[in-house]
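Number of protein chains: 6
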Amino acid sequence: MPAGLSALQPLNAAVLSDTLDGLGLMQQAMKPFMRPLDDTLQLIGRARTGLYMPVYSAPAAGENPYEVEIALIDDLAPGDVVVLACDGPTERIAPWGELLSTASAARGAVGCVTDGLVRDVKQIREMGFPVFCGGIGPLDTKGRARMVERDVPVVCAGVSVRRGDLVFGDVDGVVVIPHDVEQEVARRALEKVSGENQSREALQRGEKLADVFRRLGIL
Amino acid sequence: MPAGLSALQPLNAAVLSDTLDGLGLMQQAMKPFMRPLDDTLQLIGRARTGLYMPVYSAPAAGENPYEVEIALIDDLAPGDVVVLACDGPTERIAPWGELLSTASAARGAVGCVTDGLVRDVKQIREMGFPVFCGGIGPLDTKGRARMVERDVPVVCAGVSVRRGDLVFGDVDGVVVIPHDVEQEVARRALEKVSGENQSREALQRGEKLADVFRRLGIL
Amino acid sequence: MPAGLSALQPLNAAVLSDTLDGLGLMQQAMKPFMRPLDDTLQLIGRARTGLYMPVYSAPAAGENPYEVEIALIDDLAPGDVVVLACDGPTERIAPWGELLSTASAARGAVGCVTDGLVRDVKQIREMGFPVFCGGIGPLDTKGRARMVERDVPVVCAGVSVRRGDLVFGDVDGVVVIPHDVEQEVARRALEKVSGENQSREALQRGEKLADVFRRLGIL
Amino acid sequence: MPAGLSALQPLNAAVLSDTLDGLGLMQQAMKPFMRPLDDTLQLIGRARTGLYMPVYSAPAAGENPYEVEIALIDDLAPGDVVVLACDGPTERIAPWGELLSTASAARGAVGCVTDGLVRDVKQIREMGFPVFCGGIGPLDTKGRARMVERDVPVVCAGVSVRRGDLVFGDVDGVVVIPHDVEQEVARRALEKVSGENQSREALQRGEKLADVFRRLGIL
Amino acid sequence: MPAGLSALQPLNAAVLSDTLDGLGLMQQAMKPFMRPLDDTLQLIGRARTGLYMPVYSAPAAGENPYEVEIALIDDLAPGDVVVLACDGPTERIAPWGELLSTASAARGAVGCVTDGLVRDVKQIREMGFPVFCGGIGPLDTKGRARMVERDVPVVCAGVSVRRGDLVFGDVDGVVVIPHDVEQEVARRALEKVSGENQSREALQRGEKLADVFRRLGIL
Amino acid sequence: MPAGLSALQPLNAAVLSDTLDGLGLMQQAMKPFMRPLDDTLQLIGRARTGLYMPVYSAPAAGENPYEVEIALIDDLAPGDVVVLACDGPTERIAPWGELLSTASAARGAVGCVTDGLVRDVKQIREMGFPVFCGGIGPLDTKGRARMVERDVPVVCAGVSVRRGDLVFGDVDGVVVIPHDVEQEVARRALEKVSGENQSREALQRGEKLADVFRRLGIL
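Printed below as a string of structure tokens:
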């Protein structure tokens with residue numbers, strides 16, 4: 002993880018979502034059909050987007066249906082998160098798997114988020130590579146879909162994502178922090194985390210929730 | 002768990018569902034989108050209900066959007082189960098999280114059931130607090146929904162629940178036992194559990210299923 | 002597992018799906034709502050099918066609603082996989098549970114695939130019996146559905162299955178290999194697995210994906 | 002229409018639904034995906050039920066897949082309404098069409114209600130035969146589904162229907178009046194219709210709704 | 002229709018949607034499950050909102066469950082459009098019917114838009130009162146839902162609506178024009194209508210679409 | 002309509018579907034969410050396909066997002082049917098409207114079939130141009146989707162369509178007849194129509210359905 006992003010490790014998806022809410026940005030959490038392959042992994046990185054279209058026939062002879070996909074992967078830099086928009090949830094395609102995870106990790110990329118399916122789940126879990134997806138299934142994209150553009154604005158699992166946006170994922174879900182509010186969100190969220198710790202301790206001592214909320218204003 | 006309920010620990014959701022079926026009560030199992038955060042935990046307790054409505058704007062200045070919710074939590078007694086009806090499954094709100102779990106556990110409550118989403122999943126799992134929910138997501142209710150009534154009849158995940166009804170959950174799902182049939186259901190279900198043990202042993206010995214079913218009448 | 006099938010253990014659902022795609026058979030992977038109860042188990046066997054219909058009333062006095070179901074189980078042979086077609090996904094019925102798993106395992110059957118729900122999940126996991134299902138729930142079929150035919154062609158989770166078809170399941174999902182292409186699929190898939198190993202190693206060394214794909218033609 | 006039923010012609014689905022609500026029977030209106038082929042027709046009659054199961058293969062040689070269906074139609078009596086339960090809404094089968102409408106009308110039957118699809122819509126509309134259905138499509142049941150039982154309890158579009166229950170349909174939807182409350186419902190509903198007429202006239206004169214509701218108690 | 006709004010009669014939902022798109026407001030068209038009861042009617046007016054919550058029990062004795070609803074209706078002014086937000090599409094409630102249409106028309110209100118169901122369709126069509134809804138069904142709200150707030154911001158069929166926003170409906174759907182862009186949208190949309198007329202005439206003469214689009218820039 | 006196709010006018014979607022079923026082609030009827038704008042119009046023609054992809058940003062300056070679409074329309078020939086595949090049903094885009102209808106009719110095209118939405122419904126109905134669609138809505142494709150390929154194989158509303166396939170639509174739905182079975186299907190379907198007429202007459206005379214079916218074998 003690049004230096005700047007490691008400061009965000011104390012955060013979690015819930016506190017980031019609350020902080021974005023506080024700025025009036027209430028559409029930044031991906032829909033709950035998006036789940037991590039591994040509940041224990043945290044994902045923090047910058048979005049590199051890919052946009053898929055459905056196709057209904059085999060590629061023409063000599064055509065490489067993975068061309069844009071391969072170009073995106075080979076262009077990844079440390080700290081990048083691959084964000085694949087498949088108009089999901091979908092039953093039709095698994096655009097991500099072990100070999101792409103391996104190739105991405107070799108470039109320093111830190112994870113993948115897709116509203117499509119994912120395959121090779123056993124090997125990806127063994128790698129410890131963070132992947133958040135719209136489901137699991139064995140279906141290759143060849144003859145079913147094709148990445149036609151990369152690094153363009155997309156919508157993934159209900160959230161707009163642009164190249165360079167901060168993507169944060171943990172067991173509670175995936176939150177996207179638009180680039181221009183990133184500093185403000187990080188600052189406020191780190192503050193809120195410490196307030197929650199105080200609240201938790203008071204409640205564990207048996208204090209009434211009404212009193213704790215009145216004093217700390219956190220729920 | 003209050004004394005009376007510990008007698009139910011040998012039971013499971015499947016045998017309770019069969020027993021309720023036998024009494025003609027065939028709508029007592031919550032829909033299968035309801036899943037436990039922790040597959041190993043058993044939930045047995047009495048319902049305390051909360052009913053949510055959707056809202057589409059921030060609370061007015063000075064208004065406490067959590068007022069009814071806080072009152073419900075602070076009023077919990079040992080053995081209570083919080084049942085939050087959100088007209089789920091929903092993608093919009095996570096009415097339950099770590100701080101409410103902590104406050105509830107401090108009052109002796111034994112779990113939460115909601116057809117909404119849940120957040121702070123890592124911490125709730127670490128607490129060992131049983132939660133059954135309609136999904137996972139980071140979205141606070143503020144500006145999205147509000148609990149407007151408590152201890153009223155609700156429908157949660159397709160099942161009618163009234164204050165005081167017995168709520169039972171395990172990895173197979175959540176079953177609601179209406180108060181007035183509770184004694185009868187418990188008695189019959191405990192009997193059935195012992196019959197299933199005999200059936201299992203006969204099958205493990207290689208006896209034909211047709212013979213076992215003819216003799217014991219259990220499948 | 003019968004001798005002939007153990008040669009397939011090095012395979013996985015993704016490579017089988019790709020191989021079937023290569024033969025123009027693109028509808029052989031069950032829909033992603035189908036999930037294993039245990040992510041670590043592999044399922045390889047031959048289909049024995051059961052077809053359910055919905056019913057909306059209790060069985061008549063003296064009628065055995067499980068008659069066809071029991072006959073199917075008692076007729077299982079080593080290497081068989083029970084495939085139960087419930088027009089799933091469904092919220093209404095759990096046609097599979099612990100006792101049927103026990104009875105099936107006692108006959109040498111190697112697993113169950115159903116687009117209905119499953120119950121007694123804890124005990125089935127403890128048995129290590131591979132089950133792939135459309136969800137989890139406690140609801141018995143009695144008064145809700147009935148198996149009316151067995152060993153007939155069915156559609157389960159979107160895939161046509163005939164008695165004797167090869168059924169393969171792992172964490173990536175369930176794939177059905179029609180009987181008449183079984184040899185060809187197995188041969189090609191085993192070849193592809195070795196190609197993927199070469200591809201993985203090259204990517205781990207940091208080779209560009211474009212180069213690896215050009216050389217090996219595998220993604 | 003048999004003599005007894007013609008007294009119900011002044012009624013409508015909304016007032017019948019309200020009346021059933023008043024008796025605590027709140028599940029008697031079929032779901033809104035059920036629509037009439039002709040908005041102007043009223044349906045009043047007694048249920049004759051048919052229950053379908055899905056099949057996934059052509060009928061065996063010499064087998065008549067329509068056997069139960071034909072027996073039901075040939076047994077219809079004046080005032081009967083055919084109620085076909087297909088576990089709808091469905092995209093797969095159209096169990097009703099012109100020839101069945103013609104055969105039913107020839108026996109004096111007064112309409113059909115199905116949560117499956119209907120075909121031959123043009124001719125059925127020209128006949129003026131009331132049909133309420135879950136959609137329109139050309140797909141024959143042969144090789145897709147089969148009526149396996151008739152005159153058994155079914156659920157159609159979410160409502161339990163037994164042979165002989167009163168079925169009422171108009172542009173607002175389909176309502177089922179269980180046999181044992183039929184007299185009470187008819188009496189109360191006819192009273193309510195006259196109250197609504199008074200309410201309408203007061204509102205047309207410009208009276209405040211609050212005043213009208215206070216005086217007449219009808220909305 | 003109040004004087005100011007009659008200037009909008011030459012417009013249609015499609016041209017308004019395009020105009021809002023041009024201003025970057027791409028979420029202003031209600032989802033396509035919203036349909037008019039009468040395809041020939043145009044709706045132009047200002048929003049008066051009502052927000053419903055689900056309830057699962059009969060109102061307490063002496064409680065008027067329609068209180069907020071009645072207050073909203075009795076407060077309507079000429080040119081108002083009632084907008085009822087039910088978190089639709091829904092199968093559960095029909096918050097609108099003939100008597101509310103009659104009372105609203107008597108106050109000069111010009112229509113109703115709801116993502117709930119509507120009943121008394123025959124009478125509403127005869128009145129010529131424009132209603133756009135999420136479906137048709139006979140189910141009263143009593144014991145199922147309750148309007149709890151009025152004239153608050155709501156989301157109806159996917160679009161945010163505030164009191165006073167301009168609501169436009171025709172056979173193509175319902176579009177909401179936020180108050181602060183109303184003048185700009187009206188001006189641009191009226192211009193676009195005249196461009197479309199030129200385009201149509203050129204195409205009818207057989208001109209190539211490529212040429213017409215190059216010249217007029219309208220599709 | 003070109004000469005060859007006018008011979009098909011006595012046919013209907015139901016008899017064509019039955020005939021295709023008889024040849025083992027059971028996936029040729031589009032799903033029932035596809036409805037005609039005008040129930041009285043018959044559509045017979047040959048497919049010209051367009052394939053859309055979702056986009057989530059405005060076209061770049063100087064880019065014509067309608068380029069492929071315009072090329073398809075300007076290339077239409079008499080008897081062509083435009084088939085637009087949008088991975089429907091969709092709430093997001095209306096790729097068809099009045100101007101495209103006008104331009105297509107000017108080239109002799111005979112209709113449009115799309116699993117997307119359609120707008121300008123009033124004008125299209127006035128033209129008498131047959132359109133079958135997945136819904137109605139005002140949303141332009143600009144900034145939401147783009148036709149990226151034309152005259153390629155597509156799937157529309159669940160059915161594979163290739164350029165030149167025969168497309169038949171009426172009030173019962175849309176059926177696609179693959180090019181290579183066209184002659185056989187037409188011949189058999191015309192025969193079946195005459196059999197149905199005999200069946201209808203016998204039933205109208207009051208003959209038992211069982212007898213008519215035994216004699217004529219048609220239902």
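Chains as they are written, first to last, in my numbering: chain A, 2 to 220; chain B, 2 to 220; chain C, 2 to 220; chain D, 2 to 220; chain E, 2 to 220; chain F, 2 to 220.
Using N, Cα and C, we set each Cβ at its ideal position, and we do this for glycine too.
Secondary structure remark: continuous beta strand (DSSP E) runs of at least 3 residues inside the stretch 133-169 of chain F, in chain order: 146-151, 155-157 and 160-162. Counting along the chain, the unbroken alpha helix (DSSP H) around D:V186 starts and ends at E183 to Q205.
When C-beta distances to chain E are compared with 8 Å, the residues of the stretch 111-145 of chain F below that value are L118, R120, D121, V122, K123, G136, I137, G138, P139, L140, D141, K143, G144 and R145, in chain order. The beta-carbon of B:S200 is placed less than 8 Å from the nearest beta-carbon of chain C. In terms of Cα proximity to C:L38, the closest of C:R120, C:A107 and C:A110 is C:R120. Judged by DSSP in its simplified three-state form, A:D171 adopts strand. Along the length of the stretch 45-107 of chain B, whole alpha helix (DSSP H) runs at least 4 residues long occupy 68-75 and 99-107, reported in chain order. Between C:D166 and C:R47 a beta carbon distance of about 7 Å is seen, short of the 8 Å cut, so the two are scored as contacting. Counting only residues of its own chain and dropping the five nearest sequence neighbours on each side, A:M148 has a CB closer than 6 Å to the CB of G51, Y53, V69 and E70.
For E:P90, the nearest beta carbon of chain F is not closer than 8 Å to its own beta carbon. Under the three-state reduction of DSSP, D:V111 is assigned to coil, being neither helix nor strand. In the structure shown, C:A30 adopts extended strand secondary structure according to DSSP, grouped into three states. The three-state secondary structure of C:I219, taken from DSSP, is coil. Annotated three-state conformation of B:R36 is strand, per DSSP. B:G196 has a beta carbon lying at 8 Å or more from every beta carbon in chain A. Within the stretch 51-70 of chain A, those residues whose Cβ lies closer than 7 Å to any Cβ of chain F are, in chain order, M54, P55, Y57 and S58. Among the CB atoms of chain C, none fall inside 8 Å of the CB of D:V83. Following the DSSP letters along the chain, one finds B:E127 inside the alpha helix (DSSP H) bounded by residues V122 to M128. In terms of beta-carbon proximity, E:I74 lines the interface with chain D, with at least one pair separated by less than 8 Å. Counted as a single uninterrupted DSSP element, the alpha helix (DSSP H) harbouring E:V16 occupies residues A14 to G23. As the crow flies, the alpha-carbon of A:V16 is around 14 Å from that of A:V168. From the listed residues A:G218, A:V172, A:D212 and A:A72, the smallest Cα separation to A:L12 is found for A:V172. Linking B:L42 to B:R145 through their CA atoms gives a straight-line distance of about 30 Å.
Secondary-structure assignment with DSSP links B:V176 through a beta bridge to B:A30 and B:F169.
Distance from E:G80 to E:L6 at the Cβ level is roughly 6 Å; contact confirmed, criterion being Cβ atoms closer than 8 Å. Under DSSP, A:V213 takes part in no beta bridge, so it has no partner. Using a CB distance cut-off of 8 Å, E:A187 does not count as an interface residue toward chain F. Residue burial annotation: F:V132 is buried, with at least 16 other C-beta atoms found within 10 angstroms of its C-beta. Proximity of the stretch 25-40 of chain A to the stretch 125-139 of chain A meets the contact definition, three or more beta-carbon pairs being nearer than 8 Å. The Cβ atoms of B:V175 and B:L24 lie no closer than 8 Å to each other. Excluding the 5 residues flanking it on each side, E:F130 has same chain C-beta neighbours closer than 6 Å at S102 and A106, in chain order. Around the Cβ of C:A14, a 10 Å sphere holds 16 or more other Cβ atoms; the residue is buried. Using a Cβ-Cβ cut-off of 8 Å, A:P11 does not count as an interface residue toward chain B, since no Cβ of chain B sits closer than that to its own.
With respect to E:V213, E:C157 sits apart: the two C-beta atoms are not nearer than 8 Å.
Ranking D:I178, D:P154, D:A211 and D:L220 by CA distance to the CA of E:L77 puts D:A211 first. Using a CB distance cut-off of 8 Å, E:P154 counts as an interface residue toward chain B.
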